[in-house]
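Read the structure below first, then the notes.
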Amino acid sequence: MKKLLIFNILLSTFFFSSLLFANSSVLIINSYHKGYEFSDKIVYGLEKVLYKHQDIDFNILYMDSKRITSKEYYKNLKNLYKVQLQNRNYDLVIAVDRFAYDFVLENYNEFFSKESILAVGIENFSQEKAKKYNVENKVSALLEKRDLDSNVKLIETIIPTIKKLYVINDKSINAKHTEPLIKELFDNFHNKYELIYLREDNLKNLEKRFSKYEENSAILFIRFYKNSDGKLNKNQAIAKFIKNSKVPVFITDSILIKKALLVGKLLI
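Below, the structure is given as structure tokens:
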């Protein structure tokens with residue numbers, strides 16, 4: 004709830020400062036499918052703000068990029084959006100997470116003209132990338148950044164005898180955008196104990212690896228929503244891993260707050 008409240012405040016501020024006028028039109032492009040908890044919470048926050056203003060028209064498109072990733076699919080999706088968006092003009096295009104943001108940038112000149120872009124849910128922002136598509140003056144972003152350093156310090160406080168810390172990430176495209184933060188964590192780490200960056204191929208491998216107790220060890224869990232073969236892991240499966248792990252798990256994402264054994268400093 005804290006994350007959603009802060010998001011709504013930031014979003015309301017954005018609308019009041021730059022968008023809120025009569026007969027505005029907003030397009031939301033969601034990277035994922037309806038039912039994916041991470042983006043559902045963001046969309047809910049958007050709807051909560053927009054529903055307060057009956058003079059703002061909005062519609063939502065779902066890219067389903069967690070479940071389908073083939074080039075053929077994206078080609079057909081682009082053709083579908085070309086039909087859906089023709090003869091439509093928007094005041095703002097909101098891209099929910101990285102896939103939608105990249106899609107909007109890459110196709111901006113074909114689908115849009117003067118529309119502003121708001122990227123929501125991305126973990127880093129590149130001004131150079133925006134310049135590449137000549138939209139640097141049209142883009143704003145609400146970034147989500149994981150405070151890994153604070154989480155590590157918290158773990159050290161709770162487990163002062165720690166000798167081994169596993170940092171768990173999956174092999175998804177989104178995971179790559181967190182890697183600069185992970186690299187920064189490792190670069191600033193002074194070998195006080197063993198720090199291990201772990202990217203298994205699937206959740207079953209993680210379950211097997213942490214099925215036995217390891218003294219003075221802990222897990223900093225960043226994400227594992229997707230196996231290397233593209234198969235999605237449901238929240239229930241992730242919850243099962245966290246619950247059954249014989250090594251204490253510290254989470255960085257509020258979506259998993261009810262599932263974790265221990266909660267670190269959460270992604271806001």
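Residue numbers (the working numbering): 4 to 271. Where is the CB? At the ideal position from N, CA and C, for every residue including glycine. Just so you know, these numbers come straight off a predicted model, no measurement behind them.
Three-state secondary structure assigned by DSSP to residue i
i	result
L188	helix
G267	Annotation note: pLDDT 43 at G267 (below 50); position unreliable, coordinate value reported separately. Note: G267 maps to strand in three-state DSSP.
V29	strand
F19	Caution applies to F19, whose pLDDT of 46 falls short of 50 and renders its modelled position unreliable; the model cannot decide the point.
L201	strand
I158	helix
L145	strand
I176	helix
S153	helix
V107	helix
K262	Here the model assigns K262 a pLDDT of 49, short of 50, so the residue's position is not dependable and the matter cannot be decided.
F213	coil
N208	helix
E139	coil
F114	helix
F128	coil
Buried/exposed call for residue i, threshold 16 Cβ in 10 Å
i	result
K74	exposed
A161	According to the sequence displayed, residue 161 carries Ile and not Ala. With fewer than 16 other Cβ atoms within 10 Å, it is exposed.
V52	buried
K117	exposed
S100	Per the sequence presented here, residue 100 reads as Asp, with Ser not at that position. Buried is the call here.
Y39	buried
I199	exposed
V86	exposed
L146	exposed
R91	exposed
K229	buried
Y47	exposed
L270	Low confidence applies to L270: its pLDDT is 46, below 50, so where it sits in the model is not reliable, and the reading given next is rough at best. Burial call: buried.
Y93	buried
D256	buried
S129	exposed
E126	buried
D173	buried
Y54	exposed
Identified DSSP bridge partners for residue i
i	result
K167	E197 and S220
S119	L95
Supposed close pair residue i, residue j - CB separation, criterion 8 Å
i	j	result
S68	Y35	6 Å
E217	V252	Actually they are not in contact, since the Cβ atoms of E217 and V252 sit about 12 Å apart, beyond 8 Å.
T181	I225	6 Å
I227	I171	A small correction: the amino acid at residue 227 is Phe; Ile does not occupy that position in the sequence shown. With 8 Å as the limit, F227 and I171 qualify as a contact, their Cβ atoms being about 6 Å apart.
Y169	L121	Contact flag wrong, Cβ pair sits at about 35 Å.
N236	L206	5 Å
L188	D152	6 Å
S248	F213	4 Å
L64	Y84	7 Å
A98	V123	7 Å
N62	L30	6 Å
L223	V142	That pair is no contact at about 31 Å.
N33	S42	5 Å
E210	F244	5 Å
Let me know the alpha helix (DSSP H) ranges lying completely inside the region 219-258, each 4 residues or longer, listed in chain order. 238-247
May I have a chain-ordered list of the beta strand (DSSP E) segments no shorter than 3 residues that lie completely inside the region 36-88? 59-65
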